[in-house]
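**Student:** Dropping the structure in here first, questions after.
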Amino acid sequence: MRSLKGEVELNMPAERAWEMYRNNQIMSKIKPEMLAHAEYIQGDGSPGSLRLLKLGPAVRSYVKESTEKIERVEGGRSVTYRVVGGDLHKMYEPYRVTFSFTPLQGKENEKCLAEWKAEYEALNPATPPPEKARDAALGFLKWFDKFEPSY
Numbered sequence: 001m002r003s004l005k006g007e008v009e010l011n012m013p014a015e016r017a018w019e020m021y022r023n024n025q026i027m028s029k030i031k032p033e034m035l036a037h038a039e040y041i042q043g044d045g046s047p048g049s050l051r052l053l054k055l056g057p058a059v060r061s062y063v064k065e066s067t068e069k070i071e072r073v074e075g076g077r078s079v080t081y082r083v084v085g086g087d088l089h090k091m092y093e094p095y096r097v098t099f100s101f102t103p104l105q106g107k108e109n110e111k112c113l114a115e116w117k118a119e120y121e122a123l124n125p126a127t128p129p130p131e132k133a134r135d136a137a138l139g140f141l142k143w144f145d146k147f148e149p150s151y
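Numbers 1 to 151, taken from UniProt numbering, label the letters of the sequence shown in order.
What follows is the structure, encoded as structure tokens:
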């Protein structure tokens with residue numbers, strides 16, 4: 001199995017980043033040009049749940065949508081899912097991603113490290129590693145710092 005990963009530092013506590021990532025309404029508002037819509041089509045975000053992501057125009061030429069089956073959740077820390085439908089599923093099988101949010105030591109209430117890690121096998125030898133997916137995910141995570149919730 002191949003793997004690829006990346007990380008970004010966020011200027012917020014890991015707990016806040018985690019809550020934002022798990023909330024479909026917030027995820028759909030952070031940067032609609034990248035992620036237009038997120039919803040749990042089955043379940044509530046616990047293992048076995050299905051989450052549908054519809055991507056926005058900034059990344060739609062690469063991936064239009066993705067259906068994820070949540071495999072593992074470490075509350076407040078990480079979620080692992082396997083892509084079971086959509087464009088990435090047509091390129092890679094398996095395609096498993098873990099998003100994790102780790103407090104930065106000494107700055108636990110101020111900053112965290114957001115990590116994206118994928119394990120995958122390309123269905124076609126000519127298919128490149130999912131670097132575009134990594135770059136899009138990390139680019140999206142960077143917008144967490146800029147998001148201001150409207151109440």
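Cβ atoms here follow ideal geometry from the backbone N, Cα and C, with glycine treated the same way.
This one's a predicted model, so the numbers in the text were calculated from it and none came from an experiment.
Given Glu115, which residues of its chain have a CB within under 6 Å of its CB, disregarding the five upstream and five downstream residues?
**Tutor:** Here the question's residue 115 lines up with position 115 in the sequence shown. The answer, listed in chain order, is Glu7, Ser100.
**Student:** Taking buried to mean at least 16 other C-beta atoms within 10 Å of its own C-beta, is Gly86 buried or exposed?
**Tutor:** Here residue 86 corresponds to residue number 86 of the sequence shown, with the count starting at 1. Gly86 should be labelled buried.
**Student:** Is the distance from the Cβ of Gly45 to the Cβ of Val84 below 9 Å?
**Tutor:** Locating residue 45 in the sequence shown gives position 45, counting from the first residue. Locating residue 84 in the sequence shown gives position 84, counting from the first residue. Not in contact: Gly45 and Val84 (Cβ atoms no closer than 9 Å).
**Student:** Tell whether a beta-carbon distance below 9 Å holds between Thr102 and Arg134.
**Tutor:** Here residue 102 refers to the residue found at position 102 when the sequence shown is read from its first residue. Here residue 134 refers to the residue found at position 134 when the sequence shown is read from its first residue. For Thr102 and Arg134, no; Cβs fall outside 9 Å.
**Student:** So Phe140 is in the alpha helix (DSSP H); what residue range does that whole segment cover?
**Tutor:** On the sequence shown, position 140 is the one that residue 140 refers to. Segment 131-142, the alpha helix (DSSP H) holding Phe140.
**Student:** Is Ser3 buried or exposed, if buried means 16 or more other CB atoms sit within 10 Å of its CB?
**Tutor:** Within the sequence shown, residue 3 is the residue found at index 3, counting from 1. So Ser3 counts as exposed.
**Student:** Could you tell me which uninterrupted beta strand (DSSP E) segments, each at least 3 residues in length, are contained entirely in the UniProt domain "Bet v I/Major latex protein" (3-151), listed from first to last along the chain?
**Tutor:** The qualifying runs are 35-42, 50-55, 65-74, 78-86, 92-103, 112-122.
**Student:** Quick one: what's got a C-beta closer than 6 Å to Ile30's C-beta in the same chain, skipping five residues either side?
**Tutor:** As a first step, residue 30 must be located in the sequence shown, where it is residue number 30. These residues qualify, in order along the chain: Trp143, Phe147.
**Student:** Can you tell me whether Ile70 is buried or exposed, with buried defined as 16 or more other CB within 10 angstroms of its CB?
**Tutor:** If you number the sequence shown from 1, residue 70 lands on position 70. That one is buried.
**Student:** When burial is assigned at 16 or more other CB atoms within 10 Å of the CB, is Glu68 buried or exposed?
**Tutor:** Stepping through the sequence shown from its first residue, residue 68 is reached at position 68. Classification for Glu68: buried.
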